[in-house]
Amino acid sequence: MTINRRFGTTDLQVFPLCLGGNVFGWTADERQSFEVLDAYSAAGGNFVDTADAYSAWVAGHAGGESETIIGRWMKARGNRASMIVATKVGRLASMKGLSAKTIRSGAEASLRRLDTGHIDLYFAHADDPDTPLEETLRAFDALVREGKVRYVAASNYTAPRLAEALAVSRREGLAPYVALQPHYNLAHRQDYEGALRDLCQREQLACVPYFALASGFLTGKYRAGATVDSPRAAWVKDYLDDRGRRLLQALDEIAVAHHTTVAAVALAWLLADATIAAPIASARTKEQLADLLPSVDLRLATGEVARLAAIGS
Numbered sequence: 078m079t080i081n082r083r084f085g086t087t088d089l090q091v092f093p094l095c096l097g098g099n100v101f102g103w104t105a106d107e108r109q110s111f112e113v114l115d116a117y118s119a120a121g122g123n124f125v126d127t128a129d130a131y132s133a134w135v136a137g138h139a140g141g142e143s144e145t146i147i148g149r150w151m152k153a154r155g156n157r158a159s160m161i162v163a164t165k166v167g168r169l170a171s172m173k174g175l176s177a178k179t180i181r182s183g184a185e186a187s188l189r190r191l192d193t194g195h196i197d198l199y200f201a202h203a204d205d206p207d208t209p210l211e212e213t214l215r216a217f218d219a220l221v222r223e224g225k226v227r228y229v230a231a232s233n234y235t236a237p238r239l240a241e242a243l244a245v246s247r248r249e250g251l252a253p254y255v256a257l258q259p260h261y262n263l264a265h266r267q268d269y270e271g272a273l274r275d276l277c278q279r280e281q282l283a284c285v286p287y288f289a290l291a292s293g294f295l296t297g298k299y300r301a302g303a304t305v306d307s308p309r310a311a312w313v314k315d316y317l318d319d320r321g322r323r324l325l326q327a328l329d330e331i332a333v334a335h336h337t338t339v340a341a342v343a344l345a346w347l348l349a350d351a352t353i354a355a356p357i358a359s360a361r362t363k364e365q366l367a368d369l370l371p372s373v374d375l376r377l378a379t380g381e382v383a384r385l386a387a388i389g390s
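As structure tokens, this is what we get:
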């Protein structure tokens, strides 16, 4: 049985694979979303990530569609107490930034859509340089004190700004960010490795990388000459260079050696990093989810981790 991981300095124990909710209400309708959520829960999964902005990019959507589906699923299954739900504020077009007013309004709206009394992890979706950090952090702190949010966290912050935010929280006695959600995977390493990773390690922040499979490239389905029916197909073309092909070849060989999937190997590489609590990966079908789940129990050899790192750097 998979052993859940302690989430940074918190009392949360999370499944080592966080289920991304960006596809819910977008490429997966409510029925499909429920099927994926059911399969994830049946495998022991307890950690779901979403945002108020999901899926505002779809024609006719206003944002919050993913949260609504997750809320309906938890109500239908009666399992809210066993789930850890992360959502975000700050990138919805009608509610941009991290002012106190926006954070308060965003939280109340997310709570309604999720049909819950609290959010387990509430992320600043992106830094807001136009709002003083102290204002942002006091607004988050108020939600924590009221019991509407258990923990707050940051996404898309630079190392200097994240360090500054932690210093402000410490100085003012405010609820600190306990986690970071950066863009990080085997094919995209420049944002996290270095100062951000060092900061997470030093401050014991839990890292929850998004685009953990490089928009599907690291599943192995996108290759030269292959046609994939997916709205993300255009996003991965830049990965199909010489380095990308060598990376896929190594992933193929390691997957064969472990009798597992390419996606599982790519996720297991992330999980080999002690700073990472759980990578985020989404699935629009049960079959796609089945390719991801082996990652939680897969242990790569030191040489395999190093081999992949050498190609992906």
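Numbered by my numbering, the letters in the sequence shown go through residues 78 to 390 in order. Beta carbons: idealized from backbone N, C-alpha and C, even for Gly.
Locate the alpha helix (DSSP H) running through R323, then write down its first and last residues. For this step, residue 323 is matched to residue 246 along the sequence shown. That run of the alpha helix (DSSP H) goes D319 to H335.
Could you tell me if the beta carbon of L243 falls within a distance shorter than 7 Å of some heavy atom in the ligand GTP? Questions concerning the ligand GTP fall outside what the structure shown contains, since it holds no ligand whatsoever.
Spatial neighbours of A236 within its chain, please: CB distance less than 6 Å, with the 5 preceding and 5 following residues excluded, ordered by chain position. On the sequence shown, position 159 is the one that residue 236 refers to. So the list reads A272, L273 and L276, once near-sequence residues are dropped.
Compute the Euclidean distance between the alpha carbons of H265 and T338, then round it to the nearest angstrom. The residue labelled residue 265 in the question sits at position 188 within the sequence shown. The residue labelled residue 338 in the question sits at position 261 within the sequence shown. Each residue's alpha carbon lies about 20 Å from the other.
Excluding the 5 residues preceding and the 5 following W150 in the sequence, name in chain order all residues of the same chain whose CB lies nearer than 6 Å to its CB. Translated into the one-based positions of the sequence shown, residue 150 becomes position 73. If we look at W150 and ignore the five residues flanking it on each side, its Cβ neighbours are F111 and L114.
Mapping the DSSP letters down to three states, classify M172 as helix, strand or coil. Numbered from its first residue, the sequence shown carries residue 172 at position 95. It is a strand residue.
One question on the structure: do I147 and L175 come within less than 8 Å of each other, judged by their Cβ atoms? As a first step, residue 147 is located in the sequence shown; it is residue number 70 there, counting from the start. As a first step, residue 175 is located in the sequence shown; it is residue number 98 there, counting from the start. Contact flag unset, no.
Return the first residue and the last residue of the beta strand (DSSP E) that T193 is part of. For the purposes of this step, residue 193 is taken as residue 116 along the sequence shown, with counting starting at 1. Element bounds for T193: n/a, residue is neither H nor E.
Among residues of its own chain, excluding the 5 on either side of E280, which ones have a beta-carbon nearer than 7 Å to its beta-carbon? Numbered from its first residue, the sequence shown carries residue 280 at position 203. For E280, where only same-chain residues beyond five positions count, the Cβ hits under 7 Å are L243.
Within 8 Å, do at least three Cβ pairs link the stretch 132-139 to the stretch 177-185? no
Starting from the Cα of P253, find the closest Cα among F288, R222 and E270 and give me that residue. Mapped onto the sequence shown, residue 253 falls at position 176. When only C-alpha atoms are compared, the closest one is R222.
Looking at C-alpha atoms only, which residue of G293, V255, A256 and R248 is the closest neighbour of L263? Position 186 of the sequence shown holds residue 263. When only C-alpha atoms are compared, the closest one is G293.
Taking contact to mean 3 or more Cβ pairs, one atom from each stretch, closer than 8 Å, check whether the stretch 342-354 and the stretch 312-320 are in contact. no
Quick check: the stretch 86-96 against the stretch 347-358, are there 3 or more CB pairs under 8 Å? yes
If you follow the alpha helix (DSSP H) that T213 is in, where does it begin and where does it stop? Residue numbering aside, residue 213 sits at position 136 when the sequence shown is read from its first letter. Looking at the DSSP string, the run of the alpha helix (DSSP H) that includes T213 is L210 to R222.
In its own chain, which residues sit with a C-beta less than 8 Å from the C-beta of E241, not counting the 5 before and 5 after it? Within the sequence shown, residue 241 is the residue found at index 164, counting from 1. For E241, where only same-chain residues beyond five positions count, the Cβ hits under 8 Å are L210.
Give the secondary structure of S132 by DSSP, where H, G and I count as helix, E and B as strand, and everything else as coil. By 1-based counting over the sequence shown, the position of residue 132 is 55. Here S132 sits in coil by DSSP.
In terms of DSSP beta bridges, what is I357 paired with? In the sequence shown, the residue the question calls residue 357 occupies position 280. According to DSSP, I357 bridges with C95.
Are the CB atoms of S359 and N99 nearer to each other than 8 Å? Taking the first residue of the sequence shown as position 1, residue 359 is located at position 282. Taking the first residue of the sequence shown as position 1, residue 99 is located at position 22. Yes. Within cutoff.
Could I get the ranges of all uninterrupted alpha helix (DSSP H) runs contained in the stretch 241-304, with 4 residues as the minimum, in chain order? 272-280
V373 versus A128 - alpha carbon distance: On the sequence shown, residue 373 is found 296 positions in, with the first residue counted as 1. On the sequence shown, residue 128 is found 51 positions in, with the first residue counted as 1. The straight-line gap from Cα to Cα measures roughly 24 Å.
Take E212 as the anchor and find which of V245, Y234, H195 and R189 has the nearest alpha-carbon. Within the sequence shown, the letter at position 135 stands for residue 212. Minimum Cα distance to E212 is reached at V245.
How would you call W134, buried or exposed, if buried means at least 16 neighbouring beta carbons within 10 angstroms? Locating residue 134 in the sequence shown gives position 57, counting from the first residue. Result: exposed.
Have a look at the DSSP bridge pairing and note the partners of I161. Taking the sequence shown and counting its residues from 1, the one referred to as residue 161 is at position 84. In the DSSP output, where bridge partners are listed per residue, I161 has F124.
To the nearest angstrom, how far is the alpha carbon of T145 from that of Y131? The residue given as residue 145 occupies position 68 in the sequence shown. The residue given as residue 131 occupies position 54 in the sequence shown. The alpha-carbon atoms of T145 and Y131 are separated by roughly 10 Å.
Looking at C-alpha atoms only, which residue of R323, K225, E270 and Q109 is the closest neighbour of R181? Looking up residue 181 in the sequence shown gives position 104. For R181, the nearest C-alpha among the options comes from K225.
Those residues which DSSP pairs with R154 across a bridge: The sequence position of residue 154 within the sequence shown is 77, counting from 1. DSSP lists no partner for R154.
6 Å CB neighbourhood of T179 in its chain, flanking five on each side removed: One-based indexing of the sequence shown puts residue 179 at position 102. Counting only Cβ-Cβ distances below 6 Å, and skipping sequence neighbours, we find M172.
Cutting at 7 Å between CB atoms, please list the residues of its own chain near A203, excluding the five before and the five after it. The residue you call residue 203 lines up with position 126 of the sequence shown. Here the set comprises G167, R168, S232 and N233.
Measuring straight from C-alpha to C-alpha, what distance separates V333 and Q326? Against the sequence shown, residue 333 aligns to sequence position 256. Against the sequence shown, residue 326 aligns to sequence position 249. Rounded to whole angstroms, V333 to Q326 spans 11 Å at the Cα level.
Here's the rule I'm using: 16 or more other beta-carbon atoms within 10 Å means buried, otherwise exposed. How should P206 be labelled? Taking the sequence shown and counting its residues from 1, the one referred to as residue 206 is at position 129. Exposed, since its Cβ has fewer than 16 Cβ neighbours within 10 Å.
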